[in-house]
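In what follows, a structure is listed as structure tokens, so that the remarks can point back to it.
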Amino acid sequence: MRPRDDESRKGTRTKRGYPKFKKHCRSVEYKQSGWKLSDDCMFITFTDKFKSGKFSLYCNKETREDLFRSKINRVRIVRRADGYYCQFCLDANRKEPGNYTGNVIGIDLGLKYFYKDQNNNAVVYPQYLRKSEKKLKRRQRQLSKKFVKGKKPQSNNYHKARKRLGLCHLKVSRQRKDWSIKQARCVVASNDVVVYEDLKIQNMVKNHHLAKSISDASWYQFTQWLEYYGKIWDKAVVSVNPKFTSQDCSNCGHRVKKTLSTRTHVCPSCNAEICRDTNAARNILSRGLEIVGVEWNQGTVGHTGTS
Numbered sequence: 000m001r002p003r004d005d006e007s008r009k010g011t012r013t014k015r016g017y018p019k020f021k022k023h024c025r026s027v028e029y030k031q032s033g034w035k036l037s038d039d040c041m042f043i044t045f046t047d048k049f050k051s052g053k054f055s056l057y058c059n060k061e062t063r064e065d066l067f068r069s070k071i072n073r074v075r076i077v078r079r080a081d082g083y084y085c086q087f088c089l090d091a092n093r094k095e096p097g098n099y100t101g102n103v104i105g106i107d108l109g110l111k112y113f114y115k116d117q118n119n120n121a122v123v124y125p126q127y128l129r130k131s132e133k134k135l136k137r138r139q140r141q142l143s144k145k146f147v148k149g150k151k152p153q154s155n156n157y158h159k160a161r162k163r164l165g166l167c168h169l170k171v172s173r174q175r176k177d178w179s180i181k182q183a184r185c186v187v188a189s190n191d192v193v194v195y196e197d198l199k200i201q202n203m204v205k206n207h208h209l210a211k212s213i214s215d216a217s218w219y220q221f222t223q224w225l226e227y228y229g230k231i232w233d234k235a236v237v238s239v240n241p242k243f244t245s246q247d248c249s250n251c252g253h254r255v256k257k258t259l260s261t262r263t264h265v266c267p268s269c270n271a272e273i274c275r276d277t278n279a280a281r282n283i284l285s286r287g288l289e290i291v292g293v294e295w296n297q298g299t300v301g302h303t304g305t306s
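Quick note on numbering: numbering that gives the first Met the number 0 labels position 225 of the sequence shown as 224, and the sequence is numbered without any gaps.
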């Protein structure tokens with residue numbers, strides 16, 4: 000039998016086959032109907048056929064003011080491990096005056112260091128998932144012990160253990176997101192031009208020896224926040240093709256093939272000897288500045304990292 004969903008036949012789905020319809024969804028989205036805000040924006044009432052009722056809204060003063068003066072396009076109810084959250088989709092054009100420093104930075108993303116720039120400044124990733132692995136494994140064992148095969152529904156103790164495990168995973172994801180936001184904000188605030196490599200992370204995680212570390216580093220999330228702050232402060236954030244950035248010499252352009260274990264770039268043409276990641280960061284920066292149309296001097300001071 001052929002799959003019945005159209006997306007499978009078109010080849011747009013990553014895995015072909017029948018779609019899996021989930022009973023418990025994690026989010027519900029409302030457009031212009033099905034909900035109503037109170038006049039003081041302290042409560043939201045859902046008026047659809049499910050009759051969920053009236054709920055209190057807990058948020059800061061700035062968010063409540065935005066709800067007062069902005070047009071709400073959509074409302075989304077999202078389920079997390081620690082409760083339910085209400086997301087409002089608003090039309091907002093956020094622009095802030097940027098502090099222009101005259102600095103530029105090229106970022107080479109990695110695992111030993113989260114990134115290195117063209118001036119050999121490095122930022123180390125805290126590895127939140129690795130630090131929490133012991134606790135996560137313990138919570139997973141507790142959950143597995145309480146699972147009874149074939150029993151529906153499972154016991155209350157099983158659901159309590161499942162919630163404790165979900166809270167641990169939620170904490171790791173929030174730590175990772177918070178760290179990415181702070182690093183991206185610092186990088187864009189310290190530089191007028193930010194250039195990073197557009198990595199194909201989906202292909203990189205196929206290496207099962209590095210997949211967990213790559214996923215934990217959350218490079219994509221970091222680059223998305225770079226783009227976000229670049230738009231807010233009206234600064235240039237450019238992505239370039241990462242092909243041969245580690246192989247080409249940043250001094251003379253000679254291509255020196257090297258394995259992943261070779262951490263030092265030694266050029267036989269110009270006798271340059273620098274860190275592999277620093278060499279890649281310089282190539283990334285020069286490619287990005289060609290796109291922007293800015294000439295780069297290697298003496299330019301860039302971002303010096305955060306404490």
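No residue lacks a Cβ here, since even glycine has one placed at the ideal position from N, Cα and C.
**Message:** Within a Cβ cutoff of 6 Å, which residues of the same chain sit near Lys19, ignoring the five residues on either side of it in sequence?
**Reply:** none
**Request:** Could you pull out every residue in the same chain whose Cβ sits closer than 7 Å to the Cβ of Asn119, ignoring the five residues on either side in sequence?
**Result:** Cys274 and Thr277
**Phe49 versus Cys40, Val27, Trp178 and Lys211, residue with shortest Cα-Cα distance** = Val27
**Asked** Which residue comes first and which comes last in the alpha helix (DSSP H) that contains Tyr219?
**Response** Trp218 to Ile231
**Message:** Please report the distance separating the alpha-carbon of Cys88 from that of Trp178.
**Reply:** 24 Å
**Prompt:** Would you call His264 buried or exposed, if buried means 16 or more other Cβ atoms sit within 10 Å of its Cβ?
**Reply:** buried
**Asked** Going by alpha carbons, who is nearest to Thr244 out of Asn92, Asn98, Ala280 and Phe45?
**Response** Ala280
**Request:** For Gln86, name the three-state secondary structure that DSSP assigns.
**Result:** strand
**Item:** Own chain residues within Cβ distance below 7 Å of Arg73, not counting five before or after
**Value:** Glu28, Tyr29, Lys30 and Cys88
**Asked** For Ser55, which residues of its own chain have a beta-carbon under 7 Å away from its beta-carbon, when the five flanking residues on both sides are left out?
**Response** Met41 and Phe42
**Asked** Mind checking Asp90: buried by the 16 CB within 10 Å criterion, or exposed?
**Response** exposed
**Request:** Evaluate Gln117 with the Cβ neighbour count: other Cβ atoms within 10 Å of its Cβ, from every protein chain shown; 16 or more gives buried, anything less gives exposed.
**Result:** buried
**Asked** Just how far apart, CA to CA, sit Thr258 and Phe45?
**Response** 58 Å
**Message:** Using C-beta distances below 6 Å, list every residue in its chain close to Thr303, excluding the 5 sequence neighbours before and after it, in chain order.
**Reply:** Low local confidence applies: a pLDDT of 42 at Thr303 is under 50, so the model's placement there is unreliable, with the coordinate-based value given in what follows. These residues qualify, in order along the chain: Asn120.
**Asked** Does the Cβ-Cβ distance between Val193 and Ile283 come in under 8 Å?
**Response** no
**Message:** Using 8 Å as the threshold, is the C-beta distance between Asp197 and Val239 below it?
**Reply:** yes
**Asked** When DSSP labels each residue in this structure, what does Val122 get in the three-state scheme?
**Response** strand
**Prompt:** Relative to the alpha-carbon of Gln126, which residue among Ile180, Lys35, Arg175 and His23 has its alpha-carbon at the smallest distance?
**Reply:** Arg175
**Item:** Where Val255 sits in the DSSP three-state scheme
**Value:** coil
**Request:** Ignore the nearest five residues each way along the sequence and tell me which others in Ala80's own chain have a CB closer than 8 Å to its CB.
**Result:** Lys162, Gly165, Leu166, His168 and Leu169
**Request:** List the DSSP bridge partners of Val187.
**Result:** DSSP lists no partner for Val187.
**Item:** Backbone secondary structure at Ser249 - three-state DSSP
**Value:** coil
**Straight-line Cα distance separating Ala235 from Pro96** = 14 Å
**Asked** Just the Cα atoms here: how many angstroms apart are Leu110 and Lys242?
**Response** 18 Å
**Message:** Per DSSP, what are the beta-bridge partners of Val77 in this structure?
**Reply:** Ser26 and Tyr84
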